[in-house]
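Residue numbers (the numbering used here): 21 to 878.
Notes follow the structure.
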Amino acid sequence: MYAKVIVDVPAKQTNRAFDYFVPEAMRSWVAIGSRVGVPFGPRKVQGFVIDLHTRSDLDPSKVKPISEVMDLYPPLTPDLVQLAGWISRTYLCHEITALQAMIPGALKAKYERHVKAADDSLGGNGESGQFAMLLPEQREMIRYVRDKGSVQLESLLEKFGSDAALIKQLMAEGLLYEVQMIKDRMAAKKVLTVFPADNAELLKEAESQLPARAAKQKEVLRYLADHPAPIKLTELLHELGISAGTVKSLADKGLLTIKEVEVFRDPYAKRSFAKTRPLPLMPEQQQVYGRISRAVAAREHRVFLLHGVTGSGKTEVYLQSIQTCLDQGREAIVLVPEISLTPQMVERFKGRFGDQVAVLHSRLSHGERYDEWRKIMLRQVSVVIGARSAIFAPFTKIGLIIIDEEHESSYKQEESPKYHARDVAVARASQHDAVVVLGSATPSLESMHGTLAVSAAARRAATGGMPGGAPAITEAGAAAAADTALNERVPFELLTMHNRVEGRPLPPVHIIDMREELRTGNRSMFSRALYKAIEERLHKKEQTVLLLNRRGYSTFVMCRTCGYVAQCPHCDISLTFHQSSRAIRCHYCGYAERELTVCPSCGSEHIRHFGTGTQRVEEELGKLFPGIRVIRMDVDTTTEKGSHEKWLTMFRNRQADVLLGTQMVAKGLDFPHVTLVGALAADTVLNLPDFRAAERTFQLLTQVAGRAGRHELPGEVFVQTYAPEHYSIISASRHDYRSFIDKEMTLRKLHQYPPFHRLILITLSHEQIPLLMRTAESMAVRLKELAKESGLSQVEILGPVASPIARIKDRYRFQCMIKYRGEASISGLVKRAVASFEDVERQHKMTISVDVDPQVLM
DNA sequence: CGCGCTCATGCA
DNA sequence: GCATGAGCGCGG
C-alpha cells in the first residue's frame, strides 16, 4: 500500500503529493488525514496523508517508506483533507498551508535534531585505531553523547563551542549519527493521580500494622478508605496538609499507585452555567426556526441568510435550531466574530447545551485550545462555538453551521491561507448535506447578492459547459472535478425578522451635524445635545455606551509651526501617540520612539497631537462631569486575559456610568440599563479609501444603535458626524437596511465592484523601488497576456499602482488588481502568472502575495 | 524550505 | 593544486 503525502515544506516545487510506502506494521494506523513523519531528501519532515492507493507503477527504487505515524487517530477527517485541496486551489496557497490551518497550533511540527553515538564508537579498548586519530575534544564529545544516550544537536554545539565541522566529521566517520525527531509543540496535560489499592481490607489492615510514628501515612490510608476514588496527588496533599514523600512511601509499599493521567485544561472549569430552557418564540422567530429546522431534518444542503434586526432574538433561533440538529444525532458549528465571543455568548451556549459545547477562541492558551479541539476529536462534544478557524472542527456528521454577524470582515483571514470562513462554511456544508445559517442585522452585500444569484450549475447548463470542452483527465483535472461539487453554489434563501422581541421599538437616532456645532462655537468632542443626554442619564442613574472607532488611526503628531508629521522610518505611515508609555509608535512594525517635545525638523515646541483617541475622551469626560465613572475598553485595556470579561461584568453591575470603547463595544452586548448610545465620530470609517467604507459605516452604526433600549427602558441614540447627508448615515439612523442596500448595490454595480465583480489582489514587495516597479509592470503585462490567451473577456487587469501603504518594514509595495465577473474561477490564470515570476522571487527576494476576494485593499 | 552538489574564484 | 563560497535543483 502507498500513501500520497503532502509534506511540510511550503514551496512551489513541493506543492504536490509525494508517494510513500506504508509498511505492513503501520497499515492499521495510517489513514487519510494521518500525520506522518517521512524521509524527505536528506531530512525527515512531517506530512499529511491525503490518499491511499495500491498503484504499482511507481519506481520501487525511489519510493521510501513512511517512518512514523504521529497520532493514534488521524487529526483530520477525509472531508477536511478534500476541503484543504479546495482551499489551496481557490485561495491560491500551498496545500500544506491549508492543511496546517486546520489543526491546532499545538500540533504544528517542531523539528529536533538529536545526535547518538554508534555502538562501536569507542573502538576495541577505546584508545586505538580510528579513535586515536581524533582530537581530544572529539573524543570528549563522543563520551558525552554516549553517556547521555542522545543529545540535541544544538545543545551539543553549545556545550563544545559551536564547531559544527567537528561533529560533521564524526558523523562522516560513522562514530556519531543523527536522529531527527518530530515533536508536537504541546502534549496532553498530565496530572499525577493517586489510585488506592482495590482491596479496602488490605488498606485497613495496613493501617493498623504501620508503626505509630507513621501517623501521616495512617492518616492517608484512613482518608483513602473513606474516599476510595482516584484523587489528584496535589489535591490529596492539600487536603491532608502532608508532603509527597508520605504518599510516595505508601506507593512503595504497594498500598496505592501514582500514575500520570491525561486531563483536559478546561478554561471554564471554575464556572458553573445556569441551565437554561428554550424560550417561547415570537411568531417571526417561530417561522424562521420552522424553515431552518425543516431543512435540517430533511438533510438538505441549503443556505439561509437570516436578516434580523438587532434584538430580534437571533440567538434563541440558533439555539433551538441546534437542538433540532443534535436530536438527529448530528453536530453543529457556530462561528462568531472573535470580538463578540464574549462570556455572555459562551454562557448562553453552555447554559443550554452544557458539556456538549467546546469553545475555540484566540484568548485560550495553546494548551487549552488543544484540549477543546481534542474534545471534538474524541466526540465528547457535538457543538463547537468559536471564531473563524472553528469552521475546521473535525466533526464527521455536521448538520448545521451558523455564522453569526456574517457581515464581519474578521471572517476573512489576512494571512495565508486567506480564506473567507463564510465561503468555506458553505463548501463544508455541501460536503455534509448540511444547512448553513448566515445571521446578521446588516447582511453583507455579497450575501444579499447570493440570494439573487443563479446557481453555477444552472448557468453552466444554460451556456453549454466549460469553454474549451472537457478537461483532460490529468491530476489537475481530477482535482478540478473534485472541486466542482464544492464550487456548486446554491442560491441563498432570505429569512427576515423585522421585530424586536416583546415588541420593543428600535431606538430613535439623532444625527448631529458637527460642522454646525463648530460654527456655533462648540469645539468640544461632545455636541451640546449629546452632552445634555449624558448629563440626564447621570441624573437618572441610567447607563451610556460611547463609541469612538479609530481602528488604529488614532492621534497623529504634528508640529504646528512647520507642519512636520512624525512618521515611521521603516513604513509609510504616521506614528501614533500612546499616552500610557508616553511614546509614539508605528502600528505596522512596532517601531517606537519617545514622545516629541520639540520638532525634529524646525525645533519648535508647538507639538500637537491631532485626532481624538479613547484615552482623550476619557480624560474629557472626567473634566466635564466630575465624579463620572468611565470604563474604557480598547486594545490597550483588554489585552490581559479575562480583562474583557471583568470590564463588562463591572458595567453590568452598574459600577460605571459610561462604557467607552472602540468597535468592540458595538457588538452583541446586552445591558438592561443602557438607554443612551453615542457615536462620537461616525465618519472615521467613511473616509477610508475603500469601496466598502459606506457599508462598514452603516453596519457599525446599526450595530451600536442596537445596544440601546433592549429592555424595559426606552433608548436613544446620537450620531455625531461631519457628513450628516451621507446615505449610509441617514439609512442607519432610520434603521432602514433596505434603502441602504438598494443604494449601495446600485453604486457597486455602477463602479463594477463586488459583489457584481470579483477581485484578486496581487501585492509585490521589495526593498528597491526600480526593480519592484519593473516587476509589477511585467506582472500586469503577463496577466493581460494570459487573460487574452485564455479568451476570458470579462477580465480586467488594473495597475500596477503603489499600495495604499506604500512601504512596510523597509519594503516597498506595489499592487495589481484583477477584476472579473461571474463564478468562473480564474485562479489558474493567476497561478500561471505568479509562477512565471518564481525566479525573480528567488533571485531578488521579491515577495508576491495573492489575495482572492480581498476584504482590505491595503 | 534545507541540503548537498556544482562550479567559480582565490591563494599556495 | 586544492580550499572556500554562492547558486541551483531536488526531494517520492
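Even glycine gets a Cβ: it sits at the ideal position worked out from N, Cα and C.
No experiment lies behind these values; they were computed from the predicted model shown.
Could you tell me the alpha carbon to alpha carbon distance between residue i and residue j, rounded to whole angstroms?
i, j, result
"THR596", "LEU568", "16 Å"
"VAL323", "GLN307", "16 Å"
"ILE817", "PRO437", "23 Å"
"GLN740", "GLU732", "26 Å"
"TYR757", "GLN772", "22 Å"
"ASP204", "ALA126", "6 Å"
"GLN237", "GLU282", "27 Å"
"ALA31", "VAL58", "17 Å"
"LYS84", "GLY61", "10 Å"
"GLY610", "GLY310", "51 Å"
"LEU270", "ALA235", "12 Å"
"LYS851", "LEU803", "10 Å"
"THR658", "ILE359", "11 Å"
"VAL135", "MET191", "9 Å"
"MET653", "GLU157", "60 Å"
"GLN364", "ASN519", "22 Å"
"SER475", "SER382", "Because SER475 carries a pLDDT of 47, less than 50, the predicted location of this residue cannot be relied on, and the following value inherits that uncertainty. In a straight line, the C-alpha of SER475 is about 35 Å away from that of SER382."
"ASP218", "LYS210", "23 Å"
"GLN563", "HIS693", "6 Å"
Starting from residue i, trace the alpha helix (DSSP H) in both directions and tell me its first and last residue.
i, result
"THR596", "Careful: THR596 lies outside any alpha helix (DSSP H), inside the beta strand (DSSP E) at 596–598."
"TYR22", "Careful: TYR22 lies outside any alpha helix (DSSP H), inside the beta strand (DSSP E) at 22–27."
"GLU466", "465–470"
"VAL337", "334–347"
"GLY848", "847–855"
"THR741", "Counting along the chain, THR741 falls outside any alpha helix (DSSP H), though it belongs to the beta strand (DSSP E) covering 736–741."
"HIS386", "386–397"
"GLY169", "Looking at the DSSP string, GLY169 is not in any alpha helix (DSSP H), and its letter there is neither H nor E."
"GLY371", "363–373"
"HIS626", "Element bounds for HIS626: n/a, residue is neither H nor E."
"LEU641", "634–644"
"PHE718", "713–725"
"VAL101", "98–110"
"GLY310", "303–318"
"ILE761", "757–770"
To the nearest whole angstrom, what separates the beta carbons of residue i and residue j, a pair I think is in contact under 8 Å?
i, j, result
"VAL27", "GLY67", "4 Å"
"VAL240", "THR266", "6 Å"
"MET21", "ARG55", "That belief does not hold up - the Cβ atoms of MET21 and ARG55 are roughly 17 Å apart, past 8 Å."
"ARG864", "LEU791", "The sequence given here places His at residue 864; Arg does not occur at that position. Yes, they are in contact, since the Cβ atoms of HIS864 and LEU791 sit about 6 Å apart, within 8 Å."
"ARG557", "THR695", "6 Å"
"PHE738", "HIS530", "5 Å"
"ASN542", "ARG535", "ASN542 to ARG535, Cβ: 11 Å. No contact."
"VAL403", "ALA352", "5 Å"
"TYR338", "VAL316", "With a Cβ gap of about 12 Å, TYR338 and VAL316 do not count as contacting."
"LEU398", "VAL455", "Wrong, their Cβ atoms sit about 25 Å apart, outside the cutoff."
"LEU506", "ALA449", "No, LEU506 and ALA449 are not in contact; Cβ-Cβ is about 10 Å, not under 8 Å."
Could you give the first and the last residue of the continuous beta strand (DSSP E) run that contains residue i?
i, result
"LYS279", "276–283"
"ILE651", "650–653"
"ILE868", "867–872"
"ARG557", "First-last for ARG557: 548–560, but that is the alpha helix (DSSP H), not the beta strand (DSSP E)."
"LYS839", "831–841"
"HIS258", "Premise fails: HIS258 lies in the alpha helix (DSSP H), 253–260, not in any beta strand (DSSP E)."
"PHE776", "It is not in any beta strand (DSSP E) - PHE776 carries neither H nor E in the DSSP assignment."
"VAL243", "Sequence inspection shows Tyr at residue 243; the Val mentioned does not correspond to that position. Here TYR243 belongs to no beta strand (DSSP E); instead the alpha helix (DSSP H) covers 235–246."
"PRO824", "815–828"
"LEU355", "351–355"
"PRO59", "55–60"
I'd like to confirm the pairing. Which residues does DSSP put opposite residue i in its beta bridges?
i, result
"GLY265", "None; GLY265 has no bridge partner."
"ILE132", "Just to set this straight, residue 132 is Glu in the shown sequence, not Ile. Paired residues: MET201."
"VAL457", "PHE324 and ILE422"
"TYR40", "ALA23 and LYS84"
"GLU613", "ILE604"
"HIS73", "TYR22"
"LEU566", "LEU680 and GLY698"
- Minimum length 3: unbroken beta strand (DSSP E) runs contained in the region 201–226: 209–216
- Continuous beta strand (DSSP E) assignments of at least 3 residues falling wholly in the region 498–537: Scanning the region 498–537 for uninterrupted beta strand (DSSP E) segments of 3 residues or longer gives 513–517 and 529–533, listed from N- to C-terminal end.
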